[in-house]
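Student: In the numbering used here, the protein residues as written are 2 to 357.
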Ligand SMILES: C[S@@+](CC[C@H](N)C(=O)[O-])C[C@H]1O[C@@H](n2cnc3c(N)ncnc32)[C@H](O)[C@@H]1O
């Protein structure tokens with residue numbers, strides 16, 4: 002994106018002059034002049050006051066031009082002043098909410114943040130330390146989006162099924178502290194090693210705790226790190242027995258039935274809930290399954306189990322599966338089966354979002 006740097010005091014003074022001027026034509030010509038300067042702005046060229054007194058303010062050029070065009074397209078003085086005052090705020094003040102670092106006065110600049118409930122991701126983010134070595138991992142975009150929307154820098158994130166540590170690697174990248182619980186000792190060790198060697202530019206904590214999420218002493222795990230609660234809870238359980246992660250009886254992928262799976266999951270939610278700060282978010286990533294010609298809506302079962310514990314359901318996000326490695330013949334076989342069996346082939350999973 003093309004960014005321009007302006008002198009803050011100079012910009013504010015020019016906008017203030019517009020706000021105290023009651024002659025619409027005069028105001029418009031001031032804004033038109035500003036727009037022309039923004040359009041041709043170059044580093045080191047005119048109006049590059051980055052290093053001068055008065056501070057600097059950075060804008061994506063297209064966002065600023067669109068704002069100025071909106072002002073110029075307005076026909077009344079009152080409306081013109083309203084848009085100018087809004088632009089002034091964007092340049093002068095930072096306004097963030099309680100649960101993230103998004104500057105609401107500059108909300109148009111957060112292109113990266115998704116706000117729609119349908120996520121169609123073309124490919125996984127394999128950049129940095131993300132290697133996708135673990136069968137059953139989730140794409141890094143999931144913890145990435147959740148952290149941008151629901152945490153601030155320095156907040157704590159707890160992942161009760163951390164697997165290959167996708168959440169922890171994203172914590173390192175975004176400057177959030179993370180704790181991940183993993184039952185499988187081999188996986189826990191491998192993930193710990195991987196996380197320890199990944200870049201940690203913000204100097205945060207990213208720890209793997211080997212254990213069973215149903216019985217782990219959460220109070221002790223948090224106290225050891227000097228905290229009493231976390232600000233985001235991420236849960237990506239096995240989708241019951243679709244992938245068996247181990248032979249361990251305590252592994253949710255070995256639950257004896259769907260009911261047992263749901264009950265075990267609900268038990269973890271019960272245990273962990275007191276450690277999530279009130280008003281903060283719980284995100285569950287889950288897909289459904291098929292058994293003997295019947296669609297088993299694991300996602301909806303877990304959703305109801307969590308609602309029963311007093312959480313507010315904030316969103317159901319439907320996300321496509323990224324392209325699997327399945328061979329073409331296999332895909333065709335599934336298509337044939339779907340046509341014969343009267344069902345649809347799974348292409349989505351859910352991110353269920355709750356607020357405590
Ligand atoms: C779907 S995977 C999570 C993958 C992870 N999001 C990633 O990106 O690598 C589920 C994980 O939960 C672990 N698991 C299963 N039962 C568990 C339990 N009772 N306590 C802790 N971890 C458990 C499995 O070993 C597996 O690694």
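A virtual CB, placed ideally from N, CA and C, is assigned to each residue, including glycine.
With a threshold of 16 other CB atoms inside 10 Å of the CB of residue 16, please say whether the residue is buried or exposed.
Tutor: Position 15 of the chain shown, counted from the start, is the residue given in the question as residue 16. The residue in question, residue 16, is buried, as its Cβ has 16 or more Cβ neighbours within 10 Å.
Student: Taking residue 303 and residue 353 to be in contact with their CB atoms under 8 Å, please state how far apart those CB atoms are, rounded to whole angstroms.
Tutor: Position 302 of the chain shown, counted from the first residue, corresponds to residue 303. Position 352 of the chain shown, counted from the first residue, corresponds to residue 353. Indeed they touch by this definition, with Cβ atoms about 7 Å apart.
Student: From residue 265 to residue 215, what distance separates their C-alpha atoms?
Tutor: Locating residue 265 in the chain shown gives position 264, counting from the first residue. Locating residue 215 in the chain shown gives position 214, counting from the first residue. Their Cα atoms are separated by approximately 8 Å.
Student: Tell me the rounded alpha-carbon separation between residue 239 and residue 253.
Tutor: On the chain shown, position 238 is the one that residue 239 refers to. On the chain shown, position 252 is the one that residue 253 refers to. Distance between the alpha carbons of residue 239 and residue 253 is about 6 Å.
Student: What does DSSP give as the partner residue(s) for residue 317 in the beta ladder?
Tutor: Working through the chain shown from its first residue, we reach residue 317 at position 316. According to DSSP, which records beta bridges pairwise, residue 317 is partnered with 353.
Student: In angstroms, rounded to a whole number, what distance separates the CA positions of residue 217 and residue 338?
Tutor: Counting from one through the chain shown, the residue named residue 217 turns up at place 216. Counting from one through the chain shown, the residue named residue 338 turns up at place 337. Going from the Cα of residue 217 to the Cα of residue 338 covers about 43 Å.
Student: Measuring straight from C-alpha to C-alpha, what distance separates residue 95 and residue 102?
Tutor: Along the chain shown, read from residue 1 onward, the residue named residue 95 stands at position 94. Along the chain shown, read from residue 1 onward, the residue named residue 102 stands at position 101. So the two alpha carbons sit approximately 10 Å from each other.
Student: With a floor of 4 residues, list each alpha helix (DSSP H) that falls wholly inside the segment 249-281, ordered by position along the chain.
Tutor: Complete alpha helix (DSSP H) runs here, min 4: 259-273.
Student: Across which residues does DSSP place residue 208 in a beta bridge pair?
Tutor: By 1-based counting over the chain shown, the position of residue 208 is 207. Paired residue(s): 180.
Student: Taking 8 Å as the threshold, find out whether the segment 156-176 comes into contact with the segment 128-135 through three or more Cβ pairs.
Tutor: As far as the Cβ criterion goes, the segment 156-176 touches the segment 128-135, which means the pair count is three or higher.
Student: Does the structure place the segment 345-352 close enough to the segment 281-296 that three or more beta carbon pairs sit under 8 Å?
Tutor: Yes, since at least three Cβ pairs between the segment 281-296 and the segment 345-352 fall closer than 8 Å, the two stretches touch.
Student: Decide if residue 174 is buried, meaning its Cβ has at least 16 other Cβ atoms within 10 Å, or exposed.
Tutor: Position 173 of the chain shown, counting from 1, holds the residue named residue 174. Buried.
Student: In angstroms, rounded to a whole number, what distance separates the CA positions of residue 267 and residue 237?
Tutor: Within the chain shown, residue 267 is the residue found at index 266, counting from 1. Within the chain shown, residue 237 is the residue found at index 236, counting from 1. Looking at the two C-alpha atoms, the distance is approximately 13 Å.
Student: Would residue 126 pass as a contact of residue 142 if the rule is Cβ separation under 8 Å?
Tutor: One-based indexing of the chain shown puts residue 126 at position 125. One-based indexing of the chain shown puts residue 142 at position 141. Yes; because the gap between Cβ atoms is below 8 Å, this pair is in contact.
Student: May I ask you to check if the CB of residue 281 is nearer than 7 Å to at least one heavy atom of ligand 1?
Tutor: Within the chain shown, residue 281 is the residue found at index 280, counting from 1. The answer is no for residue 281.
Student: Using CA coordinates, which residue listed in 356, 343, 40 is at the minimum distance from residue 309?
Tutor: Position 308 of the chain shown, counted from the start, is the residue given in the question as residue 309. Cα-wise, what sits closest to residue 309 is 356.
Student: In the DSSP assignment, what are the bridge partners of residue 290?
Tutor: Stepping through the chain shown from its first residue, residue 290 is reached at position 289. Paired residue(s): 297.
Student: Measuring alpha carbon to alpha carbon, tell me which of 119, 176, 118 ends up nearest residue 145.
Tutor: In the chain shown, the residue the question calls residue 145 occupies position 144. Checking every option, the nearest Cα to that of residue 145 belongs to 176.
Student: Assign residue 232 to one of three DSSP states: helix, strand, or coil.
Tutor: Counting from 1 along the chain shown, the entry for residue 232 is found at position 231. It is a strand residue.
Student: How would you label residue 246, buried or exposed, when you count the other beta carbons within 10 angstroms and need 16 or more for buried?
Tutor: By one-based count along the chain shown, residue 246 stands at place 245. With 16 or more Cβ atoms within 10 Å of its Cβ, residue 246 is classed as buried.
Student: Enumerate in chain order the residues of its own chain whose CB-to-CB distance from residue 114 is below 8 Å, with the five nearest sequence positions on each side excluded.
Tutor: The count along the chain shown starts at 1 and reaches residue 114 at position 113. Only 103, 146, 149, 150 meet the Cβ criterion.
Student: Can you tell me whether DSSP reads residue 8 as helix, strand or coil?
Tutor: On the chain shown, residue 8 is found 7 positions in, with the first residue counted as 1. Correct three-state label for residue 8: strand.
Student: Relative to the C-alpha of residue 411, which residue among 36, 344, 40, 118 is closest?
Tutor: Since the first residue shown for the chain is 2 and the last is 357, residue 411 is missing from the structure and cannot be characterised.
Student: For residue 47, count the other beta carbons within 10 Å of its own beta carbon; 16 or more makes it buried, fewer makes it exposed. Which is it?
Tutor: Walking along the chain shown from the start, residue 47 turns up at place 46. In this predicted model, residue 47 has a pLDDT of only 49, less than 50, meaning its place in the structure is not dependable enough to derive any value.
Student: Name the DSSP bridge partner or partners of residue 162?
Tutor: For the purposes of this step, residue 162 is identified with residue 161 of the chain shown, where counting begins at 1. DSSP output for residue 162 lists no bridge partner at all.
Student: Give me the Cβ distance between residue 78 and residue 32, rounded to the nearest whole Å; I'm assuming they're in contact under 8 Å.
Tutor: If you number the chain shown from 1, residue 78 lands on position 77. If you number the chain shown from 1, residue 32 lands on position 31. Their Cβ separation, rounded to whole angstroms, is 12 Å, which puts residue 78 and residue 32 out of contact at 8 Å.
Student: Is it the case that the CB of residue 182 approaches a heavy atom of ligand 1 more closely than 7 Å?
Tutor: Stepping through the chain shown from its first residue, residue 182 is reached at position 181. The answer is yes for residue 182.
Student: Roughly how many whole angstroms lie between the Cα atoms of residue 283 and residue 97?
Tutor: By 1-based counting over the chain shown, the position of residue 283 is 282. By 1-based counting over the chain shown, the position of residue 97 is 96. Approximately 21 Å, taken between the alpha carbons.
Student: Under 7 Å: does the beta carbon of residue 270 sit that close to some heavy atom of ligand 1?
Tutor: The residue labelled residue 270 in the question sits at position 269 within the chain shown. No - ligand 1 has no heavy atom lying nearer than 7 Å to the Cβ of residue 270.
Student: Looking at the secondary structure, which residues open and close the beta strand (DSSP E) in which residue 61 lies?
Tutor: Looking up residue 61 in the chain shown gives position 60. Segment 57-61, the beta strand (DSSP E) holding residue 61.
Student: Check this for me: beta carbons of residue 25 and residue 92, under 8 Å apart or not?
Tutor: Translated into positions along the chain shown, residue 25 becomes position 24. Translated into positions along the chain shown, residue 92 becomes position 91. Going by C-beta atoms, residue 25 is not nearer than 8 Å to residue 92.
Student: What's the gap between the Cα of residue 60 and the Cα of residue 4?
Tutor: By one-based count along the chain shown, residue 60 stands at place 59. By one-based count along the chain shown, residue 4 stands at place 3. Their Cα atoms are separated by approximately 6 Å.
Student: What does a CB cutoff of less than 8 Å around residue 22 pick up in its chain, not counting 5 residues either side in sequence?
Tutor: What you label residue 22 is simply residue 21 of the chain shown in a count that begins at 1. Here the set comprises 28, 31.
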